[in-house]
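Protein chains: 2
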Amino acid sequence: MSVLNGNALEGVNKPKTSRGEATFRKLLEAAEEVFGEKGYYETSVVDIITRAGVAQGTFYLYFKTKKDIFRHLVVHLHHEIRKHVQLAVAPLNGRLAKEKRGLLAFHEFILQHRNLYRLLRDLELVDEELFKWYYGSFAKNYARRLAKAMEKGEIRRSDPEALAYCLMGLNVFTGMRWPLWENKPAPAGAVETIFTFLEKGLGNPGDGPAGPPPKEPP
Amino acid sequence: MSVLNGNALEGVNKPKTSRGEATFRKLLEAAEEVFGEKGYYETSVVDIITRAGVAQGTFYLYFKTKKDIFRHLVVHLHHEIRKHVQLAVAPLNGRLAKEKRGLLAFHEFILQHRNLYRLLRDLELVDEELFKWYYGSFAKNYARRLAKAMEKGEIRRSDPEALAYCLMGLNVFTGMRWPLWENKPAPAGAVETIFTFLEKGLGNPGDGPAGPPPKEPP
DNA sequence: GTGTAATATGAATCAGTTGTCATGTTTATT
DNA sequence: AATAAACATGACAACTGATTCATATTACAC
Numbered sequence: 007m008s009v010l011n012g013n014a015l016e017g018v019n020k021p022k023t024s025r026g027e028a029t030f031r032k033l034l035e036a037a038e039e040v041f042g043e044k045g046y047y048e049t050s051v052v053d054i055i056t057r058a059g060v061a062q063g064t065f066y067l068y069f070k071t072k073k074d075i076f077r078h079l080v081v082h083l084h085h086e087i088r089k090h091v092q093l094a095v096a097p098l099n100g101r102l103a104k105e106k107r108g109l110l111a112f113h114e115f116i117l118q119h120r121n122l123y124r125l126l127r128d129l130e131l132v133d134e135e136l137f138k139w140y141y142g143s144f145a146k147n148y149a150r151r152l153a154k155a156m157e158k159g160e161i162r163r164s165d166p167e168a169l170a171y172c173l174m175g176l177n178v179f180t181g182m183r184w185p186l187w188e189n190k191p192a193p194a195g196a197v198e199t200i201f202t203f204l205e206k207g208l209g210n211p212g213d214g215p216a217g218p219p220p221k222e223p224p
Numbered sequence: 007m008s009v010l011n012g013n014a015l016e017g018v019n020k021p022k023t024s025r026g027e028a029t030f031r032k033l034l035e036a037a038e039e040v041f042g043e044k045g046y047y048e049t050s051v052v053d054i055i056t057r058a059g060v061a062q063g064t065f066y067l068y069f070k071t072k073k074d075i076f077r078h079l080v081v082h083l084h085h086e087i088r089k090h091v092q093l094a095v096a097p098l099n100g101r102l103a104k105e106k107r108g109l110l111a112f113h114e115f116i117l118q119h120r121n122l123y124r125l126l127r128d129l130e131l132v133d134e135e136l137f138k139w140y141y142g143s144f145a146k147n148y149a150r151r152l153a154k155a156m157e158k159g160e161i162r163r164s165d166p167e168a169l170a171y172c173l174m175g176l177n178v179f180t181g182m183r184w185p186l187w188e189n190k191p192a193p194a195g196a197v198e199t200i201f202t203f204l205e206k207g208l209g210n211p212g213d214g215p216a217g218p219p220p221k222e223p224p
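Chains as they are written, first to last, in the numbering used here: chain A, 7 to 224; chain B, 7 to 224.
If you want it as structure tokens, here you go:
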């Protein structure tokens, strides 16, 4: 992956002692808070170091620029969201069930980590490359799972990548409408509609004449 | 609508002579280009006036701040997109057909007006209120049409607003993947997948056991 | 405990940016 | 042609915010 080199991102100097470790963390926590509250562009490095309680110069010991600490947080966020959704979805069987639970888990994540999630909304403007990496990598994984589910005949056969983008859009926009804007879960009626849309849209096994005739496995 | 007062936005002084009209337009065109290329935050007023070929002070004759010219462009964009999609969709019958054609028209719009469309992506960060107005107003209209189609039995009965957000997300994300990122229309296979997803997801008349029993028209 | 690398500091530098203003020109109106 | 309103100019005051640097302290290997 081009954004990461080894474990660390470019422009980030990991600390080497435990004292350094502590300030590094303080900076990250402060940045997460302030970015979340005011957004990337309205936040200054001074805001970050003030909240972290360190001096200006200290910031540049660990991060080359303001953008670099932002990137670091975004990559972290990426892992967190995936972990949260994976965890919720793992015990379930069948793509459709996973898909439904996944959507709810995603909405939960937004509610529980508004600040962190807001970074993602900023990402497109701050670093378009990283933004593409983020959704591209998400989509690739997603498509892989969808393809597997198609193999198993759990969902209708179609272009997995296109489907992945449809589903991501659906998740993001519903997550925006209720969790993000209203700060509460989507109401039952909405969830029901979304679930039915997913169910019919993906095509459950019971669907008769819908998809192309199932290919025989080679 | 709270964002507009009369015909003009706050913070915008419309010109009163035809000379003024010309510079006003030059400024808007320049702003559209530069915002589109570099994004809102990376663009300075100097960038705009340089491209427009006018002096600094002239800018402030017509716009109170940089944000105000941005808002003006966004409202313009909102009308343009709607017009473009409406026009493409008007001659068709049936919600599903309109939905399909609408998605293609939206993708076309992105391809033909990249710069203008990019403003929309910036909007969320620049002015969250206006952003909510934008999608909220879009969704409301969308939901109204969907509700009508439900009445007519063209699509499955469900929560129109939730459905509207699903569909907007689907449009935006597929529009991002191909038109925006690759600068070309979505490939045939992807379109087919998206269309089928829409078709089954919305529930077409041919669907037997899916929706609630069709109500007889009054 | 000595020396070296790591960590911390905050004042100073530097590269912009926005928005204003005094001055001058053009246009519309009479 | 006179006049007032509209339009245009570009220098500049006032400010914001990112990054650097000389200096000082602390941690750790030996």
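Heads up, the beta-carbon is just placed ideally off N, CA and C, and yes, glycines get one too. This one's a predicted model, so the numbers in the text were calculated from it and none came from an experiment.
Exercise for the section: Report all residues from its chain with a CB closer than 8 Å to the CB of Gly17 of chain B; omit the five preceding and five following residues, and keep chain order. Expected result: For Gly17 of chain B, the CB contacts under 8 Å within the same chain, skipping 5 residues up- and downstream, are Phe69, Lys70, Thr71, Lys73, Asp74 and Arg77 in chain order.
Problem - With 16 other Cβ atoms within 10 Å as the buried cut-off, status of Asn177 of chain B - result: By the neighbour-count rule (16 or more Cβ atoms within 10 Å), Asn177 of chain B is buried.
Handout entry: C-alpha gap between Tyr47 of chain A and Asp133 of chain B, whole angstroms
Key = Rounded to whole angstroms, Tyr47 of chain A to Asp133 of chain B spans 12 Å at the Cα level.
Handout entry: Among A:Gly159, A:Val80, A:Leu98 and A:Ser24, the one whose alpha carbon lies nearest that of Leu34 of chain A
Key = Across the set A:Gly159, A:Val80, A:Leu98 and A:Ser24, the C-alpha of A:Val80 shows the shortest separation from the C-alpha of Leu34 of chain A.
Handout entry: Of the residues A:Gln118, A:Gly207 and A:Phe201, the one placed nearest Lys190 of chain A, counting alpha carbons only
Key = Out of A:Gln118, A:Gly207 and A:Phe201, A:Gln118 has the C-alpha closest to the C-alpha of Lys190 of chain A.
Problem - Buried versus exposed call for Tyr140 of chain B [16 or more other C-beta atoms within 10 Å across all chains shown] - result: Under this definition Tyr140 of chain B is a buried residue.
Problem - Closer than 8 Å at the beta carbon, the chain B residues around Asp165 of chain A - result: Residues of chain B whose Cβ lies closer than 8 Å to the Cβ of Asp165 of chain A are, in chain order, Gly195, Ala196, Glu198 and Thr199.
Exercise for the section: Give me the Cβ distance between Leu83 of chain A and Leu126 of chain A, rounded to the nearest whole Å; I'm assuming they're in contact under 8 Å. Expected result: Right, their Cβ atoms sit about 6 Å apart.
Practice task
Just mark Glu27 of chain B as buried or exposed, buried being the case when its beta carbon has 16 or more other beta carbons within 10 Å.
Solution key: So Glu27 of chain B ends up on the exposed side.
Exercise for the section: Would you verify that the beta carbon of Thr180 of chain B is, or is not, closer than 7 Å to some beta carbon of chain A? Expected result: Thr180 of chain B counts as touching chain A.
Practice task
Tell me whether Leu15 of chain B sits in a helix, a strand or coil according to DSSP, three-state version.
Solution key: Note: Leu15 of chain B maps to strand in three-state DSSP.
Handout entry: Outcome for Tyr66 of chain B when other beta-carbon atoms lying within 10 angstroms are tallied against a minimum of 16
Key = With a 10 Å radius around the Cβ and a threshold of 16 neighbouring Cβ atoms, Tyr66 of chain B comes out exposed.
Practice task
Can you tell me the Cβ-Cβ gap for Thr180 of chain B and Ile161 of chain B, rounded? I've got them flagged as a contact below 8 Å.
Solution key: The pair is not a contact, with the Cβ atoms about 20 Å apart (cut-off 8 Å).
Handout entry: Pair within 7 Å by beta-carbon distance, Met156 of chain B and Arg163 of chain B
Key = Yes. Within cutoff.
Problem - CB contact check: Phe115 of chain A to chain B, cutoff 7 Å - result: Not closer than 7 Å to any Cβ of chain B, the Cβ of Phe115 of chain A fails to qualify, so no.
Problem - Nearest-angstrom Cα separation, counted from Ser50 of chain A out to Lys20 of chain A - result: The alpha-carbon atoms of Lys20 of chain A and Ser50 of chain A are separated by roughly 21 Å.
Practice task
Run through the segment 7-76 of chain B for me and flag every whole alpha helix (DSSP H) of 4 or more residues, listed as ranges in chain order.
Solution key: The segment 7-76 of chain B contains these whole alpha helix (DSSP H) runs: 24-44, 51-58 and 62-68.
Exercise for the section: With DSSP collapsed to three states, give me the class of Pro225 of chain B. Expected result: No information on residue 225 of chain B is available, as it lies outside the stretch 7 to 224 that chain B covers here.
Exercise for the section: May I ask you to list, following chain order, the residues of the segment 87-102 of chain B that have a beta carbon less than 9 Å from some beta carbon of chain A? Expected result: Legend: CB atoms of the segment 87-102 of chain B lying less than 9 Å from CB atoms of chain A are not found in any residue.
Practice task
Please list, in chain order, all residues of the same chain as Leu15 of chain B whose beta carbon is under 8 Å from its beta carbon, the five residues on each side excluded.
Solution key: Closer than 8 Å at the Cβ level, and outside the excluded window around Leu15 of chain B, lie Val9, Asp74, Arg77, His78 and Val81.
Exercise for the section: Determine the extent of the alpha helix (DSSP H) in which Ala155 of chain A is found, giving its start and end residues. Expected result: Counting along the chain, the alpha helix (DSSP H) containing Ala155 of chain A begins and ends at Glu134 to Glu157.
Exercise for the section: Quick one: measure Cβ to Cβ for Leu169 of chain B and Phe203 of chain A, integer angstroms, because I've assumed they're closer than 8 Å. Expected result: The C-beta distance from Leu169 of chain B to Phe203 of chain A rounds to 7 Å, short enough to meet the 8 Å contact threshold.
Problem - 7 Å Cβ cutoff, Glu105 of chain B in contact with chain A - result: Cβ-Cβ to chain A under 7 Å: no for Glu105 of chain B.
Exercise for the section: Would you kindly work out how many angstroms separate the C-alpha atoms of Gly42 of chain B and His90 of chain A, rounded to a whole number? Expected result: Here the C-alpha atom of Gly42 of chain B lies approximately 35 Å from the C-alpha atom of His90 of chain A.
Handout entry: Host alpha helix (DSSP H) of Arg107 of chain B (start-end)
Key = For Arg107 of chain B, the enclosing alpha helix (DSSP H) starts and ends at Arg101 to Gln118.
Handout entry: Nearest candidate by alpha-carbon position, reference Lys154 of chain A, set A:Glu167, A:Gly195 and A:Leu131
Key = Selected option, being the one with the closest Cα: A:Glu167.
Practice task
Please say whether Lys206 of chain A and Gly207 of chain B have beta carbons closer to each other than 7 Å?
Solution key: Result yes, Cβ atoms of Gly207 of chain B and Lys206 of chain A sit closer than 7 Å.
Problem - Own chain partners of Leu136 of chain A with C-beta closer than 7 Å, once the 5 adjacent residues on each side are dropped - result: If we look at Leu136 of chain A and ignore the five residues flanking it on each side, its Cβ neighbours are Val9, Arg77, Val80 and Leu129.
Problem - Near-chain B residues of the segment 40-64 of chain A (beta-carbon distance less than 7 Å), N- to C-terminal order - result: Near chain B, meaning a CB-to-CB distance below 7 Å, the residues of the segment 40-64 of chain A are Gly45 and Tyr47.
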